[in-house]
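Just below is one structure, and these are the notes that go with it.
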Amino acid sequence: MTAAYSVRVALGPEDREACFAVRREVFVVEQGVPQELEYDTYDATAVHVLAVREDGLPLGTGRLLHGADAVGRTGADASVGSLGRLAVSEAARGLGVGAALVRGIEDAAREHGLTAVDLHAQTHALGFYERLGYEAYGPEFPDADMPHRAMRRVL
10 MTAAYSVRVA
20 LGPEDREACF
30 AVRREVFVVE
40 QGVPQELEYD
50 TYDATAVHVL
60 AVREDGLPLG
70 TGRLLHGADA
80 VGRTGADASV
90 GSLGRLAVSE
100 AARGLGVGAA
110 LVRGIEDAAR
120 EHGLTAVDLH
130 AQTHALGFYE
140 RLGYEAYGPE
150 FPDADMPHRA
160 MRRVL
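The structure is reproduced here in structure tokens:
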């Protein structure tokens with residue numbers, strides 16, 4: 010597979026459906042997360058970021074919660090965004106898509122005037138986020154029956 014892809018904020022219903030399709034593939038099918046837990050009310054107001062191959066094939070996605078939605082998720086002040094639902098299709102793993110998505114979400118956070126980004130990382134992904142400048146804090150906790158840790162990066 011070629012590494013030629015781009016990352017953009019999802020625009021319109023086709024992009025959003027592409028984001029949801031990648032999430033369905035990764036979280037619902039691969040990881041067994043119940044569909045009713047994967048999609049939530051935050052999806053309506055989140056900034057969705059999409060990685061697509063040159064031919065339009067969706068490779069990955071993630072979302073940014075900001076404002077009141079982020080405060081509800083992180084418990085932090087409104088200047089902290091919440092990165093979530095980061096997913097890369099199996100065929101695109103190892104190409105740098107995940108890191109590019111995180112940087113795209115951080116760019117969107119800056120555009121919304123945010124000063125930091127929090128996330129809830131599956132514990133197996135801690136090293137990935139640490140390499141991108143995130144620091145874990147607080148105890149491990151379950152989310153969708155998988156162990157997670159809270160992490161933050163100041164922008």
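Here the sequence shown stands for residues 10 to 164, numbered as in this note's numbering. Quick reminder that beta carbons are idealized off the backbone N, C-alpha and C, glycines included.
Alpha-carbon spacing of residue i relative to residue j, whole angstroms
i, j, result
"Ser15", "Ala125", "24 Å"
"Arg62", "Ala13", "6 Å"
"Glu115", "Thr54", "17 Å"
"Glu34", "Gly122", "32 Å"
"Pro151", "Asp64", "38 Å"
"Leu20", "Ala27", "11 Å"
"Glu99", "Tyr146", "29 Å"
"Arg72", "Arg161", "15 Å"
"Ala108", "Arg140", "9 Å"
"Gly105", "Ala118", "20 Å"
"Ala87", "Asp127", "12 Å"
"Ala101", "Leu59", "13 Å"
"Gly41", "Asp49", "16 Å"
"His75", "Ser91", "7 Å"
"Phe137", "Asp52", "24 Å"
Backbone secondary structure at residue i - three-state DSSP
i, result
"Pro43", "coil"
"Tyr51", "helix"
"Ala117", "helix"
"Glu63", "coil"
"Tyr146", "strand"
"Leu110", "helix"
"Met10", "Unreliable positioning characterises Met10 in this predicted model, as indicated by a pLDDT of 46, which lies under 50. The coordinate reading is nonetheless provided below. Three-state result, Met10: coil."
C-beta contact flag for residue i and residue j at 9 Å
i, j, result
"Gly69", "Ala96", "yes"
"Arg17", "Glu47", "no"
"Glu77", "Val89", "It should be pointed out that residue 77 corresponds to Ala in this sequence rather than to Glu. Not in contact: Ala77 and Val89 (Cβ atoms no closer than 9 Å)."
"Ala159", "Ala130", "yes"
"Pro148", "Thr132", "no"
C-beta neighbour in chain D for residue i, strict 9 Å
i, result
"Gly122", "Absent from the structure: chain D. Only one protein chain is present."
Bridge partners - residue i, DSSP secondary structure assignment
i, result
"Leu92", "Leu73 and Leu128"
"His133", "Looking at the DSSP assignment, His133 forms no beta bridge with any residue, so it has no partner."
"Asp152", "Met155"
"Val16", "Ala60"
"Arg161", "Asp127 and Glu144"
Residue i CB to nearest heavy atom of the ligand ADP below 8 Å
i, result
"Val89", "In the structure on display, the ligand ADP does not appear, and there are no ligands present to speak of."
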